[in-house]
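One rule links them: number in this note's numbering = place in the sequence shown (from 1) + 68.
Every residue gets a Cβ at the ideal spot worked out from N, C-alpha and C, and that includes glycine.
Quick caveat: nothing in here was measured; it's all calculated off a predicted structure.
Working notes, structure below.
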Amino acid sequence: MTEPGASISQEEIAELQKKFSEIKHSINNALAVMMALSEMSQRRPDYAEKLASTVLAKAPQIVTSLQEFTQALNEKAGQKPAA
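This is the structure in structure tokens:
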């Protein structure tokens, strides 16, 4: 962990950027599936149940990914996690 007041190395920045890019891609994919199912459920109501189950499965995954990235960013910045 980086000490408070210490700078983040270029390697650490590149690592965080890569992780952010991966998370962004993952979120985009999850939202694309949800949007497609939403459109389909408007035409075919039987898709509504699949949409609901997908949202219930994907939403926590998105939140977890964002929390993990925030934790990694805070560790690199030398900040303590929020209680």
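- Secondary structure at residue 121: helix, using DSSP grouped into helix, strand and coil.
- Taking all protein chains in view, the Cβ of residue 105 is crowded by 16 or more other Cβ atoms within 10 Å, so the residue is classified as buried.
- In this structure, the beta-carbon distance from residue 94 to residue 133 falls below 9 Å.
- Under the Cβ criterion (8 Å, minimum of three pairs), the stretch 128–143 does not count as touching the stretch 107–118.
- Cβ-Cβ separation between residue 76 and residue 140: approximately 11 Å, too far for a contact (criterion under 8 Å).
- Between the C-alpha atoms of residue 136 and residue 118 there is a straight-line separation of about 27 Å.
- Rounded to whole angstroms, the separation of the alpha carbons of residue 124 and residue 100 is 15 Å.
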